Each structure stands twice: as structure tokens, then as C-alpha cells.
Amino acid sequence: MKQAPIPARLGYVRHGNGPERVLVLHDWLGDHRNYDAVLPYLDGSAFTYVFADLRGYGESIALTGACSVEEIAADCLALADRLGWPRFHLIGHSMTGMAVQRIAADAPARIQRAVAVCPVSAAGNRLDADAKAFFASTAENDDALRRLFRYVSGGLSARWADVKLQQNRSAVSAACRAGYLDMLVHTDFVDDVRGLDIELLVIVGDKDPGLDEAAMRRTFLAWHPRARLLVVPNCGHYPMQECPPCFATVVEAFLRGEGQGLLDPAQAKPKVQAAE
């Protein structure tokens, strides 16, 4: 029998003091600061946001562990308990899109609404040997990491890549990088999430080369009967940094339950794509 993870006390940053509680998670390459550009556009009177750092990142950089999705879920649920949040909204980005599904599968009654941003799914990201070696090399090779940041953002500037590089090097522990990469490549818990009846918004950028609309339709929208998809134009893998006012607008509209309050970029009118 697999031993349950022992939760750690994750560090976090809080924003706002509203009655709606939102737990926000980051990607493999950055910490809670990924969301700094969004903060001025968030409604702190309606929402309380807690931007959590996973083990090995940011406010939790000294914490070590198994770097598994089960551990992430246990840590996040323990954090919600510490905060006194019996129910809450949940946002995950890229790597933690997978964690959104794990948390919702483990504690469905606690999740009000969930947002998965450019997410890796419960099926993992099956990188071949060369691709995995490249991703692994970004832990030490600055040029490789710069290339990765520019590639997933649709070719943003070298200065953008430098800023992202500096954030990564200051906020991500070397000890956790390989562990989380293995989690992304080898994890598969699809059977646990098929038919999971949570209200879920999936956001992707139209310039994200890997985690695109087609991938979302094969995974999140195929498995979750109440999933919706929003494709953000002229945007890559980091919509919270590439187009922060848009990101804040569509996320808060969804969390408020305004199902038709999501941006239609062609007409600037509300629209959302539902799963077929």
C-alpha cells in the first residue's frame, strides 16, 4: 500500500481580503512572483488570493520532499486547512494544472471552481529522451533556459527571457528541479479524473506551441463534463504575465460564476467555448 504524503507547511503570499477564497499555484520554472503583474487588476474586496509556493520554490525554497503530485495535493489541502478554508477556488498553471486535477479528485467537495492555465494534464507530458534532456539542461544552462522561455512565449524579447531567467535562478531550488520534471514526465492518474464533475475553466494562449487548444480538447475537455476552454489571442505560455488585465478579467468573471463573462477577443463581447 502506497504511503500517504506527510504535508509540509508551504509558504505563501496573500492578496486581498474578500469573502471568496482562491488558492493559486505556479509552474515548474517560477514561483508566486509569476502573478505579480496581475495584482493591480485583481478585486481584493471580493476575493482573498493566496499565492502558494510549492516545496523548493520561493517562500518554500528550503522545503524538500518527494516532488510528487500526491505530495503537492496534500500540501495544498493542508495549507487550506491552516487558512481555515473549508471550500475555495483553485488556480494552477502548467505543471500545477496537473495538481488542480489531483486536488479536485482527492477533495472534490472542497473545490468551488477551478482554473487550469496552459496546463499539463493528469496524463503527464510524455517527453522523449532528447526533449527531457533539454528540459533537464535548463537547470544549469542559462542559454537553454532563455531559449525555452522565448519558445513557449511565441518569441518574446531577449530581455523578457533574461527577466524570467533571473527569477528562476533566485526562486527555484536546484534540489527540486529534477524531481518535478520526473513527475511531469511519468505521472498518470487519468482514471481518477474521468467524469470529475467540477466547474473548470481551461485557459491557453494561441502562441503556446505545446499546450495548445488541440491538447486541451483531448484531455481536460474530454474528461471533465463541465470544462470550458478559452483561447487568448497573441499570447503564449504565461498569460498572467503577457496579458495581465485580460487574465484577471476572465479569471474573476469565471470565479464569480459569470459563465458568459469571458472575453471574446474577436468582438470584445462575452463568449466561452463549452466542451462538446
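For reference, each letter of the sequence shown is one residue, going 13 to 288 in the numbering used here. All residues carry an ideal CB built from backbone N, CA and C; glycine is no exception. Values in this document were obtained by computation on a predicted structure and should not be read as measured data.
Grouping DSSP H, G and I as helix and E and B as strand, with all else coil, what is residue i?
{"i": "Leu177", "result": "helix"}
{"i": "Val132", "result": "coil"}
{"i": "Thr108", "result": "helix"}
{"i": "Arg26", "result": "strand"}
{"i": "Arg33", "result": "strand"}
{"i": "Arg113", "result": "One detail in the question is off: residue 113 reads as Gln in this sequence, not Arg. It is helical."}
{"i": "Ile123", "result": "strand"}
{"i": "Ile103", "result": "strand"}
{"i": "Arg240", "result": "strand"}
{"i": "Ala64", "result": "strand"}
{"i": "Tyr69", "result": "strand"}
Once you ignore the five residues that flank residue i on each side, which residues in its own chain have a CB closer than 6 Å to its CB?
{"i": "Glu82", "result": "Pro17"}
{"i": "Ala145", "result": "none"}
{"i": "Gln253", "result": "Ala49"}
How far does the alpha helix (DSSP H) with residue i in it reach, from first residue to last?
{"i": "Leu213", "result": "Note, Leu213: premise wrong, no alpha helix (DSSP H); beta strand (DSSP E) at 211–217."}
{"i": "Tyr53", "result": "No alpha helix (DSSP H) holds Tyr53; DSSP gives it neither H nor E."}
{"i": "Val184", "result": "No alpha helix (DSSP H) contains Val184, which DSSP labels as neither H nor E."}
{"i": "Arg229", "result": "225–230"}
{"i": "Arg206", "result": "Neither: Arg206 is in no alpha helix (DSSP H) and is coded neither H nor E."}
{"i": "Thr261", "result": "256–267"}
Since residue i contacts residue j with CB under 8 Å, what's their CB separation in whole angstroms?
{"i": "Val263", "j": "Ile103", "result": "7 Å"}
{"i": "Cys188", "j": "Arg67", "result": "6 Å"}
{"i": "Leu241", "j": "Val214", "result": "5 Å"}
Looking only at its own chain, which residues have a Cβ that is under 7 Å from the Cβ of residue i, when we skip the five neighbours before and after it?
{"i": "His198", "result": "Gly136"}
{"i": "Ser72", "result": "Leu22, Gly23, Asp65, Leu66"}
- [ ] Could you tell me whether the region 36–43 touches the region 97–112, using the rule of 3 or more Cβ pairs below 8 Å?
- [x] yes
- [ ] Would you check if there are 3 or more beta carbon pairs closer than 8 Å linking the region 24–40 to the region 94–102?
- [x] yes
TODO: Determine contact between the region 147–162 and the region 227–234, defined as no fewer than three beta-carbon pairs at a distance below 8 Å.
DONE: no
TODO: Say whether the region 169–182 touches the region 109–120, bearing in mind that this needs 3 or more beta-carbon pairs closer than 8 Å, one atom from each stretch.
DONE: no
- [ ] Pair every Cβ in the region 130–137 with every Cβ in the region 202–217, then say whether three or more of these pairs are closer than 8 Å.
- [x] A contact exists between the region 130–137 and the region 202–217.
Open item on the list: Count Cβ pairs between the region 82–91 and the region 175–182 that sit closer than 8 Å; are there 3 or more?
Closed with: no
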